[in-house]
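Chemist: Taken in sequence, the protein lines are chains A and B. The working numbering runs 165 ahead of the 1-based position in the first sequence. The working numbering runs 48 ahead of the 1-based position in the second sequence.
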Amino acid sequence: MTTTLAGPAPVVAPGRGADRRRSRARMRERTAQWLFLVPAIAYVLVFFGYPIVKNLVMGSQDYTVRTFVSGEAPWVGLDNYVEVVTSGLFRTTVLNTALFTIGSIVGQFVIGLLFALFFKRRFPLGNVLRSLLLLPWLLPMIAGTAVWKWILDQDGGVLNEALGTIGIAPVHWLTSPDVALVAVVLVNVWVGIPFNMTLLYSGLQNIPDELYEAGALDGATGAKAFWHITWPNLRPVVSVVLVLGVIYTLKVLDIILGLTGGGPANATQTLATDSYRRSFQEFSFGTGAAVSNILIVVSLLFAVVYLRVNKRAVDE
Amino acid sequence: MRRTHTAVGAASAAVVVLGLSACSGGARADDGTLIVTDTLSDTSAPVYQEVYDACAAEVGMKVQANHVAGSGLIATVLQQASSDTLPDVLMLDNPDVQQIASSGALSPLTDYGIPGDGFPQGVVDAGTYDGDLYGIAPVVNTVGLFYDVDALAEAGIEPPTTWDELRAAAEALTTDGRYGLAFSAANTFEGTWQFLPYLWSNGADEDDLTSPQAVEALSFVNGLVQDGYASSSVVNWTQNDVNDQFIAGKAAMMVNGPWNMPALEAAEGLDYAAVPLPVPEAGDTLEAPLGGEAFTVPRTGNPEKMAKAGDFVACVTRGEHQLAMATGRGAVPSDTEVAAEAAAENPVVATFVDTVQTARSRTALLGPDWPGAATQIYTAQQLALTGSEPPAEALERATEH
Numbered sequence: 166m167t168t169t170l171a172g173p174a175p176v177v178a179p180g181r182g183a184d185r186r187r188s189r190a191r192m193r194e195r196t197a198q199w200l201f202l203v204p205a206i207a208y209v210l211v212f213f214g215y216p217i218v219k220n221l222v223m224g225s226q227d228y229t230v231r232t233f234v235s236g237e238a239p240w241v242g243l244d245n246y247v248e249v250v251t252s253g254l255f256r257t258t259v260l261n262t263a264l265f266t267i268g269s270i271v272g273q274f275v276i277g278l279l280f281a282l283f284f285k286r287r288f289p290l291g292n293v294l295r296s297l298l299l300l301p302w303l304l305p306m307i308a309g310t311a312v313w314k315w316i317l318d319q320d321g322g323v324l325n326e327a328l329g330t331i332g333i334a335p336v337h338w339l340t341s342p343d344v345a346l347v348a349v350v351l352v353n354v355w356v357g358i359p360f361n362m363t364l365l366y367s368g369l370q371n372i373p374d375e376l377y378e379a380g381a382l383d384g385a386t387g388a389k390a391f392w393h394i395t396w397p398n399l400r401p402v403v404s405v406v407l408v409l410g411v412i413y414t415l416k417v418l419d420i421i422l423g424l425t426g427g428g429p430a431n432a433t434q435t436l437a438t439d440s441y442r443r444s445f446q447e448f449s450f451g452t453g454a455a456v457s458n459i460l461i462v463v464s465l466l467f468a469v470v471y472l473r474v475n476k477r478a479v480d481e
Numbered sequence: 049m050r051r052t053h054t055a056v057g058a059a060s061a062a063v064v065v066l067g068l069s070a071c072s073g074g075a076r077a078d079d080g081t082l083i084v085t086d087t088l089s090d091t092s093a094p095v096y097q098e099v100y101d102a103c104a105a106e107v108g109m110k111v112q113a114n115h116v117a118g119s120g121l122i123a124t125v126l127q128q129a130s131s132d133t134l135p136d137v138l139m140l141d142n143p144d145v146q147q148i149a150s151s152g153a154l155s156p157l158t159d160y161g162i163p164g165d166g167f168p169q170g171v172v173d174a175g176t177y178d179g180d181l182y183g184i185a186p187v188v189n190t191v192g193l194f195y196d197v198d199a200l201a202e203a204g205i206e207p208p209t210t211w212d213e214l215r216a217a218a219e220a221l222t223t224d225g226r227y228g229l230a231f232s233a234a235n236t237f238e239g240t241w242q243f244l245p246y247l248w249s250n251g252a253d254e255d256d257l258t259s260p261q262a263v264e265a266l267s268f269v270n271g272l273v274q275d276g277y278a279s280s281s282v283v284n285w286t287q288n289d290v291n292d293q294f295i296a297g298k299a300a301m302m303v304n305g306p307w308n309m310p311a312l313e314a315a316e317g318l319d320y321a322a323v324p325l326p327v328p329e330a331g332d333t334l335e336a337p338l339g340g341e342a343f344t345v346p347r348t349g350n351p352e353k354m355a356k357a358g359d360f361v362a363c364v365t366r367g368e369h370q371l372a373m374a375t376g377r378g379a380v381p382s383d384t385e386v387a388a389e390a391a392a393e394n395p396v397v398a399t400f401v402d403t404v405q406t407a408r409s410r411t412a413l414l415g416p417d418w419p420g421a422a423t424q425i426y427t428a429q430q431l432a433l434t435g436s437e438p439p440a441e442a443l444e445r446a447t448e449h
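#1: Compare the C-beta of residue 70/B against all C-beta atoms of chain A and say whether one is closer than 8 Å.
#2: Measuring only the C-alpha atoms, how far is residue 403/A from residue 272/B?
#3: Nearest by alpha-carbon distance to residue 148/B: which of 131/B, 123/B, 162/B is it?
#4: Between the beta-carbon of residue 151/B and the beta-carbon of residue 227/B, is there less than 8 Å?
#5: For residue 393/A, return the contacting residues in chain C, with the cut-off set at a CB-CB distance below 8 Å.
#6: Any Cβ of chain A within less than 8 Å of the Cβ of residue 129/B?
#7: Applying the 10 Å Cβ sphere with the 16-neighbour rule, what's the burial state of residue 114/B?
#8: Which residue spans inside the stretch 137–208 of chain B form an unbroken beta strand (DSSP E) run of at least 3?
#9: For the beta strand (DSSP E) containing residue 262/A, name the first residue and the last one.
#10: CB-CB under 6 Å to residue 407/B, same chain, minus the five flanking residues each way: which ones, in chain order?
#11: When DSSP builds the beta bridges, which residues end up paired with residue 223/B?
#12: If you check the beta carbons only, do residue 387/A and residue 228/A fall under 8 Å apart?
#13: Could you pull the DSSP bridge partners for residue 453/A from this structure?
#14: Could you give the C-beta distance for residue 290/B and residue 232/B, rounded to a whole number, given that I count them as a contact under 8 Å?
#15: Report back the beta-carbon spacing between residue 438/A and residue 427/A to the nearest angstrom; my notes put them in contact at under 8 Å.
#16: For residue 357/A, does the three-state DSSP call read helix, strand or coil?
#17: Could you check whether residue 187/B and residue 373/B sit closer than 8 Å to each other, using their CB atoms as the reference points?
#18: Taking the alpha-carbon positions, what's the residue 243/B to residue 333/A distance?
#19: Tell me whether residue 441/B sits in a helix, a strand or coil according to DSSP, three-state version.
#20: Check for me: the alpha helix (DSSP H) holding residue 96/B runs from which residue to which?
#21: Give the secondary structure of residue 287/B by DSSP, where H, G and I count as helix, E and B as strand, and everything else as coil.
#22: Can you give the beta carbon distance from residue 442/B to residue 428/B, rounded, assuming they're within the 8 Å contact cut?
#23: Assuming residue 112/B is part of the beta strand (DSSP E), what are its boundary residues?
#24: Suppose you measure from the CA of residue 237/B to the CA of residue 328/A; what does that come to, to the nearest Å?
#25: Near residue 295/A, which residues of its chain fall below 7 Å by C-beta distance, leaving aside the five closest residues on each side in sequence?
#26: Can you check the stretch 226–297 of chain B for any beta strand (DSSP E) of at least 3 residues that lies completely inside it and give the ranges in chain order?
#27: Quick one: grab the DSSP three-state call for residue 408/B.
#28: CB-CB under 7 Å to residue 184/A, same chain, minus the five flanking residues each way: which ones, in chain order?
#29: I need the boundaries of the beta strand (DSSP E) containing residue 329/B, first residue and last residue.
#30: So residue 183/B contacts chain A; which residues on that side make the cut at Cβ distance below 9 Å?
#31: Looking at C-alpha atoms only, which residue of 387/B, 197/B, 307/B, 182/B is the closest neighbour of residue 317/B?
#32: For residue 349/A, which residues in chain B fall below 9 Å Cβ to Cβ?
#33: On the criterion of 16 or more Cβ atoms from any shown chain inside 10 Å, does residue 386/B qualify as buried, or is it exposed?
#34: Closer than 8 Å is the cut-off here; do at least three beta carbon pairs connect the stretch 292–301 of chain B with the stretch 163–180 of chain B?
#35: Whose C-alpha, out of 281/B, 203/B, 308/B, 347/B, is nearest the C-alpha of residue 131/B?
#36: What would DSSP say about residue 431/A, mapped onto helix, strand or coil?
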């Protein structure tokens, strides 16, 4: 590029025509560059920029059904946030969101890792089984939750019937406030296993076999090989899987709506479901947006962590 | 899992998409066609279509009906309101009428000479906002007590009429593998709707939910669950689930509405009947909530067409058309005389016709503030029925914020 920049006057002055031709070529290049960028920029602005800015603004407005007709949404500053944070429900939703996220991530990750390690051994039908495990990911979430609701039904659900045969009294999976969150986490773990397994499995594939061969010579096999060879080499992938998992889990809505709708007695109400309830059941779009803005900030924090981790992984 | 960014983010994106599609595909029909948006299912749409066609011919227009899922209607209406593409005639669930009317999107029906005469007070109340009538429901519904005739005969008991009798009947009918009673106490407005008859018949109101009468009502329902006469799953059951339980023989009685009649008729070997919901003491008046969809005329900015739409609504809601629509969807004609006709034909319908006469509109007292109170009611019921709080504390806590 520097060659085209104006430098000291050349010894032989080029014709004006050549100069013009060169600057026209530069213009064309510039235009082409922008043309390539426009679709991406437009996409980001329309589908990410506008909704997020709109949501931020909405969080500080008294935005109700009236707004849709009159277009008037009085500015209320931080009133919506004050209302949300001081409501009796806020502590519950924050705690539930944290428990739901931590429980889901731990469950998904541990089971996903075990499956990934399992499938790393080659055995007949291994690939078929591995692809079957992707099913929860492919299933429409509402269909999945409908089946789980039936499995977890307290009177006559498959799970309680099975537990009954080994003498365990029926568990009120979805109707007891003490157990419902566990049940919802259980289902979300089931949904998240394929994601964890797939990424961790591909991470495992990238660890060279030579390391294990060399380690075996030094006596590192089994658990030792895992701690000293597999885990350190898998670390970058692990960080990415965990951070992405947290972001995806924080905002889970469909699973909870399908299974318990946030109940019983708000036992499974998270920030995401509370935002939905405020906006689309009570038509209080302002406070609903405020809740989801809080959620966006939390997700954003983890997104920053993700970017840093990702950068480190690439650098390594 | 990775489909959405945040709940509302996705919703806003959806609004954007809807907005775009409305711009591209929202070519307004010609001036000779009335656009109707309703929430009819595939089964009831043909019945209504006949009425629509007859009424369109009467006002000298053509008609085009768009069916939207009930759960998505408000979102659709709000999107249409902001993009100026509201239909000429809009069907709204009656507790939503005041909410939408308060936004200024609807025009008063009195402009078109529909005063609401001959309709029960509950129907008029539900369609009225700030003294003006905005919506009128041609057919209505409410909840009653369905029971398995054989099960009651076997236990040698009569259908209950008071709370004490209901409790005793539920106890007597509870056997191994069958509960005495099924109802919905879900953490949605369905749970609220089913609790209202106890609340209101006991003299409590939705603007004073910690009153002794309200506590008494919640204690009664709570007792049914705590003593095992109703499943503790009621906190997670929709009214459809309740109907399934009843049909499967897992409950001898259920609280539900007349719209289940087609499914109940189709159930093999089930001999069912219905009575009005029991009241606290003999002689008390039953105050059940009024259900049903009202027809409204949105402000579309085209006065001539709005006038036609008004005439159309007047025609659709007229007595002579109500019977067909009511039979088609398992509902009660809202005109008192036509309702009497329907009652004479079917004893189950008669039960609901009786209840509708004293049924109360959910928005009569609080208007657009109703959703907030409705949330408090189902929250309190959930807290109590799950054993998290005793009834009095549950109501206390639910109304705190």
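Here a beta-carbon is modelled for each residue, glycine too, at the ideal position from N, C-alpha and C.
Modeler: The answer reads as follows:
#1: The residue you call residue 70/B lines up with position 22 of the second sequence. In this prediction, residue 70/B has a pLDDT of 41, which is less than 50 and means its spatial position is unreliable; what the coordinates show is noted afterwards. Judged by the 8 Å Cβ criterion, residue 70/B is not in contact with chain A.
#2: Against the first sequence, residue 403/A aligns to sequence position 238. Against the second sequence, residue 272/B aligns to sequence position 224. Taking the straight line from one Cα to the other gives about 51 Å.
#3: Locating residue 148/B in the second sequence gives position 100, where the first residue counts as 1. Among 131/B, 123/B, 162/B, the Cα nearest to that of residue 148/B is on 123/B.
#4: One-based indexing of the second sequence puts residue 151/B at position 103. One-based indexing of the second sequence puts residue 227/B at position 179. The answer is no: Cβ separation not under 8 Å.
#5: Here the protein chains are A and B, and chain C is not one of them.
#6: Here the question's residue 129/B lines up with position 81 in the second sequence. Judged by the 8 Å Cβ criterion, residue 129/B is in contact with chain A.
#7: Numbered from its first residue, the second sequence carries residue 114/B at position 66. So residue 114/B ends up on the exposed side.
#8: Taken in chain order, the complete beta strand (DSSP E) segments of 3 or more residues contained in the stretch 137–208 of chain B are 137–141, 192–196.
#9: Residue mapping note: residue 262/A aligns to position 97 of the first sequence, counting from 1. Per DSSP, residue 262/A belongs to no beta strand (DSSP E); it is in the alpha helix (DSSP H), 253–285.
#10: For the purposes of this step, residue 407/B is identified with residue 359 of the second sequence, where counting begins at 1. If we look at residue 407/B and ignore the five residues flanking it on each side, its Cβ neighbours are 170, 190, 336, 338.
#11: Counting from 1 along the second sequence, the entry for residue 223/B is found at position 175. Its beta-bridge partners are 226/B.
#12: For the purposes of this step, residue 387/A is identified with residue 222 of the first sequence, where counting begins at 1. For the purposes of this step, residue 228/A is identified with residue 63 of the first sequence, where counting begins at 1. Taking 8 Å as the Cβ cut-off, residue 387/A and residue 228/A do not qualify as a contacting pair.
#13: Numbered from 1 along the first sequence, position 288 holds the residue referred to as residue 453/A. None, per the DSSP bridge assignment.
#14: Taking the second sequence and counting its residues from 1, the one referred to as residue 290/B is at position 242. Taking the second sequence and counting its residues from 1, the one referred to as residue 232/B is at position 184. The Cβ separation is near 5 Å, so the contact holds.
#15: Reading the first sequence from its first residue, position 273 is the one you call residue 438/A. Reading the first sequence from its first residue, position 262 is the one you call residue 427/A. The pair is a contact, with the Cβ atoms about 4 Å apart (cut-off 8 Å).
#16: Mapped onto the first sequence, residue 357/A falls at position 192. In this structure, residue 357/A counts as helix in the three-state DSSP scheme.
#17: Taking the second sequence and counting its residues from 1, the one referred to as residue 373/B is at position 325. Taking the second sequence and counting its residues from 1, the one referred to as residue 187/B is at position 139. Cβ atoms of residue 373/B and residue 187/B: closer than 8 Å.
#18: The residue labelled residue 243/B in the question sits at position 195 within the second sequence. The residue labelled residue 333/A in the question sits at position 168 within the first sequence. Residue 243/B and residue 333/A: Cα-Cα distance of roughly 33 Å.
#19: Here residue 441/B refers to the residue found at position 393 of the second sequence. Note: residue 441/B maps to helix in three-state DSSP.
#20: What you label residue 96/B is simply residue 48 of the second sequence in a count that begins at 1. Note, residue 96/B: alpha helix (DSSP H), 93–107.
#21: By one-based count along the second sequence, residue 287/B stands at place 239. Helix, per DSSP.
#22: Translated into the one-based positions of the second sequence, residue 442/B becomes position 394. Translated into the one-based positions of the second sequence, residue 428/B becomes position 380. Yes, residue 442/B and residue 428/B are in contact; Cβ-Cβ is about 5 Å, under 8 Å.
#23: Working through the second sequence from its first residue, we reach residue 112/B at position 64. Start and end: 110–115.
#24: Counting from 1 along the second sequence, the entry for residue 237/B is found at position 189. Counting from 1 along the first sequence, the entry for residue 328/A is found at position 163. Whole-angstrom Cα-Cα distance: 33 Å.
#25: Taking the first residue of the first sequence as position 1, residue 295/A is located at position 130. Hits under 7 Å: 284.
#26: Counting whole runs of 3 or more residues, the stretch 226–297 of chain B contains the beta strand (DSSP E) stretches 227–230.
#27: By 1-based counting over the second sequence, the position of residue 408/B is 360. Per DSSP, reduced to three states, the secondary structure at residue 408/B is strand.
#28: What you label residue 184/A is simply residue 19 of the first sequence in a count that begins at 1. Excluding positions up to five away in sequence, the list is empty.
#29: Mapped onto the second sequence, residue 329/B falls at position 281. Element bounds for residue 329/B: n/a, residue is neither H nor E.
#30: The residue you call residue 183/B lines up with position 135 of the second sequence. The contacting residues do not exist; residue 183/B stays about 15 Å from chain A at best.
#31: As a working note, residue 317/B is residue 269 in the second sequence. Residue 197/B is the option with its Cα nearest to residue 317/B.
#32: Looking up residue 349/A in the first sequence gives position 184. Neighbours of residue 349/A across chain B, judged by C-beta separation under 9 Å, do not exist; the nearest C-beta is about 12 Å away.
#33: Translated into the one-based positions of the second sequence, residue 386/B becomes position 338. Under a 10 Å Cβ-count criterion, residue 386/B is classified as buried, with 16 or more other Cβ atoms of the shown protein chains found around its own Cβ.
#34: no
#35: Stepping through the second sequence from its first residue, residue 131/B is reached at position 83. Taking only the C-alpha atoms, the option nearest residue 131/B is 347/B.
#36: For the purposes of this step, residue 431/A is taken as the residue at position 266 of the first sequence. Note: residue 431/A maps to coil in three-state DSSP.
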